[in-house]
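Taking mature numbering (1 follows the signal peptide of the UniProt record, and there is no 0), I'd label the letters of the sequence shown as residues -25 to -1, 1 to 256. Note that beta-carbon positions come from the ideal geometry of N, C-alpha and C, so glycine has one too. These numbers come from a predicted model, not from an experiment. This report refers to the structure that appears directly beneath it.
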Amino acid sequence: MLSMTGRRRLLGLLWLACLLAGALCLTLDQQHQSGSGQVVTLHHQQTILTLQMTDSGELTRCDTIEVNYADDERRRLAAIRRERPVTDVSLSHMLDTLRRCQQLDTVRRRRRPQGQAAELTKSGDHWDASMLLRGLVPGTKWCGLGDTAEGWNDLGTNAELDRCCRTHDLCPVKVKAYKRRYDLFNWGVYTKSHCACDQEFYRCLKASSAREADSVGRLFFDLLQPQCVQGRVCEPDEPADACLERQKAGEVAKTGLKFFDQPRRYETAPVTVSAGAGNYD
């Protein structure tokens, strides 16, 4: 019989297989019946993601909670677990699921009346890259030094661009400006996200039809050139020796994470980050 740890790993693999096949699946341990469907909550590090689905398994809504501090993370998870199970997943699993949630945004926009959809895709105000350094890109709630959104489903009028920034802001593994996390201290004025999240941000901007996407990409990757967090984060049920670097005898074990100067530039072809930077399973 599988142990609880083995069972969780098996469930996680089954879930990821369903995502890659283009479908969402549920297990008895993961699903929670609501009045009009099923609710699944996933967790990885600083991101808690709740999915609402119909009884047939169709994704209808996504909601996220960002937990940047360990105490807040424990408190939020404890509150949710009193209502329904929470499944701990890998970083790649979480990013794949967030991408599915982005696809749900696209479906919703297509279903809106033509006039309303057009209004949501135009940014209206003229802007330049210097405006982003001072705050938010006009028409967005997520693109800038901070955000003004009330949650995952709160996008600005320039929703096409905003959804790329939203997913990047909600990267599960990051170190905030002037904060310590994962044995790393970020002395920079910008958040440093996991390299996998920066890669996803690059992909989203390149695929976006928003006219400002290239300007945001050039500013982030060419001008700011932020470091990213490289390496794999320990899973809750993983033996410490598998993901921690031990220094000299008697020293506290440290994570294998480090800041990485990524070579990617926005206007050039995608660059493959060196070994380890994108290894996040």
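Measuring only the C-alpha atoms, how far is residue i from residue j?
i: Ile55; j: Glu242; result: 43 Å
i: Met69; j: His18; result: 8 Å
i: Ser184; j: Ala134; result: 11 Å
i: Thr123; j: Asp137; result: 11 Å
i: Pro88; j: Arg50; result: With a pLDDT of 48 at Pro88, under the threshold of 50, the predicted position of this residue should be treated as unreliable, though the coordinate-derived value follows. Spanning the two alpha carbons is a distance of roughly 41 Å.
i: Gly206; j: Gly131; result: 33 Å
i: Val112; j: Trp127; result: 18 Å
i: Gly110; j: Gly121; result: 7 Å
i: Arg240; j: Phe196; result: 6 Å
i: Asp47; j: Ile23; result: 12 Å
i: Ala45; j: Thr230; result: 16 Å
i: Gly163; j: Glu33; result: 41 Å
i: Asp38; j: Cys76; result: 9 Å
i: Asp63; j: Thr115; result: 31 Å
i: Arg193; j: Lys181; result: 11 Å
i: Leu52; j: Thr72; result: 19 Å
i: Glu213; j: Glu58; result: 25 Å
i: Tyr153; j: Ser31; result: 46 Å
i: Glu175; j: Glu125; result: 23 Å
i: Val208; j: Arg186; result: 35 Å
i: Lys151; j: Cys179; result: 22 Å
i: Cys218; j: Asn161; result: 21 Å
i: Asp129; j: Leu232; result: 32 Å
i: Arg74; j: Gln27; result: 15 Å
Our contact map puts residue i next to residue j with C-beta atoms below 8 Å; I'd like the distance itself, whole angstroms only.
i: Ala171; j: Leu66; result: 6 Å
i: Asp144; j: Trp117; result: 5 Å
i: Thr29; j: Val14; result: Their Cβ separation, rounded to whole angstroms, is 11 Å, which puts Thr29 and Val14 out of contact at 8 Å.
Compare the Cα-Cα distances from residue i to each of the options and report the closest residue.
i: Thr16; options: Pro60, Thr166 and Leu130; result: Pro60
i: Thr35; options: Asn43, Leu52 and Gly12; result: Gly12
i: Leu159; options: Thr25, Leu52, Cys203 and Leu111; result: Cys203
i: Cys139; options: Gln78, Glu58 and Tyr153; result: Gln78
i: Gln20; options: His169, Ala152 and Arg186; result: His169
i: Phe234; options: Asp212, Pro214, Pro201 and Glu213; result: Pro201
i: Gly119; options: Tyr165, Lys154, Asp212 and Asn161; result: Tyr165
i: Leu198; options: Arg186, Gln237 and Arg155; result: Gln237
i: Ile40; options: Arg155, Asp212 and Cys146; result: Cys146
i: Asn43; options: Arg156, Asp173 and Ser31; result: Arg156
Which word fits residue i, buried or exposed, when buried means at least 16 other C-beta atoms lie within 10 angstroms of its C-beta?
i: Val148; result: buried
i: Arg141; result: buried
i: Val191; result: buried
i: Tyr177; result: buried
i: Glu210; result: buried
i: Lys167; result: buried
i: Asp173; result: buried
Nearest chain D C-beta to residue i closer than 7 Å, yes or no?
i: Glu135; result: Chain labels in this structure do not include chain D; a single protein chain is all it has.
Given the structure, does residue i come close to the ligand NAD, in the sense that its CB is under 6 Å from one of the ligand's heavy atoms?
i: Arg36; result: Among the components modelled here there is no ligand, and therefore nothing to report on the ligand NAD.
Which runs of the alpha helix (DSSP H) fall wholly inside the segment 17 to 89 and span at least 4 residues, in chain order?
DSSP runs (the alpha helix (DSSP H)) wholly in the segment 17 to 89: 45 to 56 and 66 to 86.
Could you name each continuous alpha helix (DSSP H) segment of 4 residues or more that falls completely within the segment 98 to 166, going from the start of the chain to the end?
List check, alpha helix (DSSP H) in window: 104 to 109 and 134 to 144.
Ordered list of alpha helix (DSSP H) runs contained in the segment 165 to 195, each at least 4 residues:
Along the length of the segment 165 to 195, whole alpha helix (DSSP H) runs at least 4 residues long occupy 170 to 182 and 188 to 192, reported in chain order.
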